[in-house]
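Protein chains: 2
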Amino acid sequence: MNFIQNPAQIENRSMEIIAPYIADLNLTFEETKIYSRIIHAAGDVEYAPLIKIHPNAINSAKSAILRGANIFTDVEMVRTGINKRTLKNFGGEVLCKVADDDTKKFATEKNITRSMAAMRIFGEKLNGAIVAVGNAPTALFEVLRLVREENILPAAIIGVPVGFVGAADSKAELAAQNKIPFITVSGTKGGSSIAVATVNAILYLLDNSRD
Amino acid sequence: MNFIQNPAQIENRSMEIIAPYIADLNLTFEETKIYSRIIHAAGDVEYAPLIKIHPNAINSAKSAILRGANIFTDVEMVRTGINKRTLKNFGGEVLCKVADDDTKKFATEKNITRSMAAMRIFGEKLNGAIVAVGNAPTALFEVLRLVREENILPAAIIGVPVGFVGAADSKAELAAQNKIPFITVSGTKGGSSIAVATVNAILYLLDNSRD
């Protein structure tokens, strides 16, 4: 069988292939890791000019993780993909309420999406936490409303919802505000895999067992 | 708040936006559903010319689900995203072994990826089942080896691993064989979200509670 089968070799080779596509962006070491993991997770170098990292986003997210902050996700796929082992070492956990009965009931009553309802129910728990939205623009709009109208202050928002209805607008609104450090991707692209890649890139920066 | 919040409206509007990008491809009704869900899940209309559906793939996958076949996935994110409610109605379940202790042990011994080891351990269980590979080219290469060398015969292979190391090659090999009906995406793009979108599109074709 003529293909690379060793996980570390696969990752290193992938990062080598991606490097030229981000060489001109003057990224820091840490930004390079995040860009590379996003591009790797999408198999799409056209992400390079779309990624937006607020100057304080990486430090704020790292500090939050180090003090044991939780990560709140919009959908179960994002919760599943995040590296829980590293997060748990610092005391945090990954939480998602989209499939809970109270969330479904609330969403049906209000005729809103379940992931939007879940963020509203989290409410003050998002203070000082990391929010990762990979799927639902409505969830990101709701988090931004909580910030704006209810003075909820997450440590960082990873907001990369995907699709043609609201995703680009919700991410433009995230990038236009300056109250909460953020990482996002402009336009219609994004998704759960991109949210997971971003969060895990940050977690790996804190994991001394990895180089 | 000036954005669509109703889930059915969001989905319908998204499908309307995607329609012109696939209008020239002469797709069947069922193929249109699969293309639309993939493009929606990626937020990327450039998927349209990359998607390859074997002429018998949709029927073979539907028949398998109707007789209660299981779906085997390479990673937990794919397992998480698949609509279990619809599958369960027909008696099937979604199985993934990538995080199991015996898989880890086997992968370490052989110095191969865990998702590749997991497929080898599944072995004959893949006969008549649906295989969904969203992340790991090595898992897809292993499934194709099981087909070729051990005469394992899945009902259909949804093979959309992502990235720059092996993904394009593994998908080219999938599309070049004619023994097992397949759905794939050429090139480096793909991922867990794409595998999930494909499987769920097929499940929704069988779900009379949805239009």
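Going down the list, the protein sequences come from chains W and S. All residue numbers for the first sequence refer to the numbering used here, where the first residue is 141 and numbers rise by one. All residue numbers for the second sequence refer to the numbering used here, where the first residue is 141 and numbers rise by one. Beta carbons: idealized from backbone N, C-alpha and C, even for Gly.
Alpha-carbon spacing of residue i relative to residue j, whole angstroms
i, j, result
"Leu280(S)", "Pro321(S)", "14 Å"
"Asn223(S)", "Ala257(W)", "20 Å"
"Lys319(S)", "Arg153(S)", "38 Å"
"Ile162(S)", "Ser326(S)", "16 Å"
"Val287(S)", "Gly299(S)", "14 Å"
"Glu249(S)", "Met217(W)", "29 Å"
"Gly208(S)", "Asn340(W)", "36 Å"
"Leu167(W)", "Gln145(W)", "30 Å"
"Leu343(W)", "Thr243(S)", "24 Å"
"Ala247(W)", "Asn275(W)", "16 Å"
"Pro160(W)", "Arg254(W)", "40 Å"
"Arg285(S)", "Lys311(S)", "13 Å"
"Glu282(S)", "Ile198(S)", "22 Å"
"Gln317(S)", "Phe143(S)", "45 Å"
"Asn210(W)", "Ser200(W)", "13 Å"
"Ala186(S)", "Asp164(S)", "Residue identity differs from the one stated: residue 186(S) is Glu in this sequence, not Ala. Rounded to the nearest angstrom, the two C-alpha atoms are 14 Å apart."
"Asp351(S)", "Val336(W)", "With a pLDDT of 46 at Asp351(S), under the threshold of 50, the predicted position of this residue should be treated as unreliable, though the coordinate-derived value follows. The alpha-carbon atoms of Asp351(S) and Val336(W) are separated by roughly 31 Å."
"Asp184(S)", "Ser176(S)", "10 Å"
"Met259(S)", "Lys202(S)", "22 Å"
"Val215(S)", "Asp240(W)", "23 Å"
"Lys245(W)", "Lys245(S)", "43 Å"
"Val238(S)", "Val238(W)", "24 Å"
Top-ranked residue by Cα proximity to residue i, from the options
i, options, result
"Thr328(W)", "Ile158(S), Gln317(S) and Lys192(S)", "Ile158(S)"
"Pro277(S)", "Glu313(S), Ser203(S) and Lys173(S)", "Glu313(S)"
"Thr338(S)", "Ile144(S), Arg285(S) and Ile270(S)", "Ile270(S)"
"Pro195(S)", "Leu343(S), Ile297(S), Ile211(S) and Phe212(S)", "Ile297(S)"
"Thr220(S)", "Asn210(S), Cys236(S), Ile205(S) and Lys228(S)", "Cys236(S)"
"Leu190(S)", "Ala341(S), Asn340(S), Ile334(S) and Thr248(S)", "Ile334(S)"
"Leu206(S)", "Gly231(S), Val215(S) and Phe143(S)", "Gly231(S)"
"Asn267(W)", "Gln149(W), Ile342(W), Phe212(W) and Phe143(W)", "Phe212(W)"
"Ser332(W)", "Asn210(W), Val273(W), Arg285(W) and Ser310(W)", "Val273(W)"
"Thr172(W)", "Glu186(W), Asp184(W) and Met155(W)", "Met155(W)"
"Ala204(S)", "Ala239(S), Ala148(S) and Lys228(S)", "Lys228(S)"
"Thr353(S)", "Leu165(S), Ala188(S) and Phe143(S)", "No answer is possible for residue 353(S): the residues shown for chain S start at 141 and end at 351."
"Pro147(S)", "Asp240(W), Asn251(W) and Val336(W)", "Asn251(W)"
Integer Cβ distance of residue i from residue j, believed to fall under 8 Å
i, j, result
"Glu109(W)", "Leu345(W)", "Look at the range of chain W in this structure, 141 to 351, and you will see that residue 109(W) is not part of it."
"Gly330(S)", "Ala315(S)", "No, Gly330(S) and Ala315(S) are not in contact; Cβ-Cβ is about 13 Å, not under 8 Å."
"Thr226(W)", "Asp347(W)", "5 Å"
"Ile81(S)", "Ile193(S)", "The shown model of chain S, from 141 to 351, leaves out residue 81(S), and the question about it has no answer."
Item to check | Against chain S: residues of the stretch 206 to 218 of chain W by CB proximity under 9 Å | outcome: Val215, Glu216, Met217 and Val218
Checklist entry - Are the stretch 173 to 182 of chain W and the stretch 302 to 309 of chain S in contact at 8 Å, needing three or more beta carbon pairs? => result yes
Next on the checklist: Is it the case that the stretch 257 to 265 of chain W contacts the stretch 286 to 296 of chain W, given that we only count it when at least three CB pairs across the two stretches are under 8 Å?
Outcome noted: yes
Checklist entry - Between the stretch 152 to 168 of chain S and chain W, which residues of the former have CB atoms less than 8 Å from a CB of the latter, in chain order? => result Arg153, Ser154, Ile157 and Ile158
Checklist entry - Of all the residues that make up the stretch 236 to 267 of chain W, which are near chain S by a beta-carbon distance shorter than 7 Å? => result Asn251, Ile252, Thr253 and Met256
Checklist entry - Mind listing which residues of the stretch 315 to 330 of chain W have their C-beta closer than 8 Å to chain S's C-betas, in chain order? => result Gly327, Thr328, Lys329 and Gly330
Next on the checklist: Please identify, using Cβ separations under 7 Å, the residues of the stretch 295 to 316 of chain S that lie next to chain W, in order along the chain.
Outcome noted: Val302, Gly303, Phe304, Val305, Gly306, Ala307 and Asp309
Item to check | chain S contacts from the stretch 174 to 196 of chain W (Cβ-Cβ distance under 9 Å) | outcome: Ile179, His180, Ala181, Ala182, Gly183, Asp184, Val185 and Glu186
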